[in-house]
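Here the structure comes first, spelled out in structure tokens, and everything after it is commentary.
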Ligand SMILES: [Mn+2]
């Protein structure tokens, strides 16, 4: 969920400040290249501050054309209303666009300035610019045929000088979003951005400074209210990028974890108070930006929730790139969440096997997508969660149409994964292979063991009676052969 913004770019990339300023000035001086929908009014008329024109004039509504299509602006595998295993593809997927990457991602990195100059951006973080971006967001969603989106409070509305001013900015943008979303589009989830502002450098809920803890609580309270306004609160995500430590020498880890639990308890109480019926989700990530983050992986987050009696109040938002950073596969994290009853949402992305950080790339690997979809099917779907594209264009991908191509390819990859998973499930060979591996437990003693009724004396008696066990093959290559046959 980490992403650069113009504000952070200015702080981080002092070396390139001059270059950034020149780029921004050029953008401001030049008129927007197109303004088709209100061309007659001119882009400088009263409506133009928000630019109510068409943002993606060359892009049609994206349609399903099937696997033989060579059209980059068409779905080849995602056919929204086609039924797979008793449910439409749309209902299995519940796709969502991440506002922060798609509309706030600039392509800047620690070594270079922004590369993306979208025609509607004027280089400011003004309210008018926020409204224009929101209009672009809804046109993007409608053209893709996606009816959900995710946001942080500070992506969609600018930070004010005071908390009151920030809240007022957010209210103004949320009113516009509510008007634009109509009856079909809803946020999949919202969240509070507790990592970009310098006040959160030691964390929010785990900051040693009480003023920051209170500020973070106030920000989460407001973000929950906003999510409730827009979607009646289907889901709300907590990603603690700065909830962790850089060194234990200056950290009271036990006290910080206790504070985080108290923070979540207060969020649960407020959720109930305002009638927010949605799911709270914790998004595990091991590190980056913090050296050690408290929500390391699914198992660590599950243990935290159990220790503090919060297990029934939260589920997990599993992000594939975060899984690989914690040394696991995405499939492992999904299965760990699922068998603990905690799989609530997926942040669909992937990392690069040769790069050790969170690259947030669109998932294009069909094998990986098939494993992901096997977990989702075993989970009975993700609703009220879904698949959020927490993924960004590469820095070098700079055409507006790349935003569409990336999402189309990401959606098609997961759709292909769903189709492959259906083949594997209907074929049944893989399930049969697994069932056979545990067949010896389908016995009287197996039933006793699984019911917790086999003590060590009984097991010793059986071991002596049976002698050396005959251990069968694991059949890994056969399992891989069956898996590949469905790709
Ligand atoms: Mn994420």
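Numbering (our numbering), first residue to last: 11 to 497. Glycine is no exception: its CB is placed at the ideal position from the N, C-alpha and C atoms. The structure presented is a predicted model; accordingly, all values stated were derived computationally and were not measured.
Checklist entry - At least one CB of chain B closer than 8 Å to the CB of residue 164: is that the case? => result This model lacks chain B altogether; it includes just one protein chain.
Item to check | Proximity to residue 322 [Cα-Cα], best of 107, 339, 292 and 203 | outcome: 292
Next on the checklist: I'd like the span of the beta strand (DSSP E) that includes residue 357, first residue to last.
Outcome noted: 353-357
Checklist entry - Would you say the beta carbon of residue 159 comes nearer than 7 Å to a heavy atom of ligand 1? => result no
Checklist entry - Under the three-state reduction of DSSP, which class applies to residue 200: helix, strand or coil? => result strand
Checklist entry - Closer than 7 Å: is that where the CB of residue 249 sits relative to any heavy atom of ligand 1? => result yes
Checklist entry - Quick one: does the C-beta of residue 357 sit closer than 7 Å to a heavy atom of ligand 1? => result Within the cutoff, so yes.
Item to check | Those residues which DSSP pairs with residue 93 across a bridge | outcome: 98
Checklist entry - Just the Cα atoms here: how many angstroms apart are residue 212 and residue 253? => result 7 Å
Checklist entry - So, do the stretch 185-202 and the stretch 157-171 have three or more beta carbon pairs nearer to each other than 8 Å? => result yes
Next on the checklist: Just to confirm the assignment, what range does the beta strand (DSSP E) spanning residue 289 have?
Outcome noted: 289-292
Checklist entry - Over what stretch of residues does the alpha helix (DSSP H) that includes residue 166 continue unbroken? => result 163-166
Checklist entry - Taking buried to mean at least 16 other C-beta atoms within 10 Å of its own C-beta, is residue 220 buried or exposed? => result Looking at its Cβ environment, which holds fewer than 16 other Cβ atoms inside 10 Å, residue 220 is exposed.
Item to check | residue 237 to residue 182 span [Cα, whole Å] | outcome: 14 Å
Checklist entry - For residue 335 versus residue 382, is the C-beta spacing smaller than 8 Å? => result no
Next on the checklist: Mapping the DSSP letters down to three states, classify residue 274 as helix, strand or coil.
Outcome noted: helix
Checklist entry - Helix, strand or coil for residue 33 per DSSP? => result Residue confidence is low: residue 33 scores 40 on pLDDT, short of 50, so the model does not pin down where it sits. No coordinate-derived value is stated.
Checklist entry - Roughly how far, in whole angstroms, is the beta-carbon of residue 94 from the beta-carbon of residue 151, given that I think they are within contact range, below 8 Å? => result Actually they are not in contact, since the Cβ atoms of residue 94 and residue 151 sit about 23 Å apart, beyond 8 Å.
Next on the checklist: What ranges does the beta strand (DSSP E) occupy inside the stretch 255-342, keeping only unbroken runs of at least 3 residues that lie completely in it?
Outcome noted: 289-292 and 324-329
Checklist entry - What are the boundary residues of the alpha helix (DSSP H) that includes residue 179? => result 173-191
Checklist entry - First and last residue of the alpha helix (DSSP H) that includes residue 233? => result 220-241
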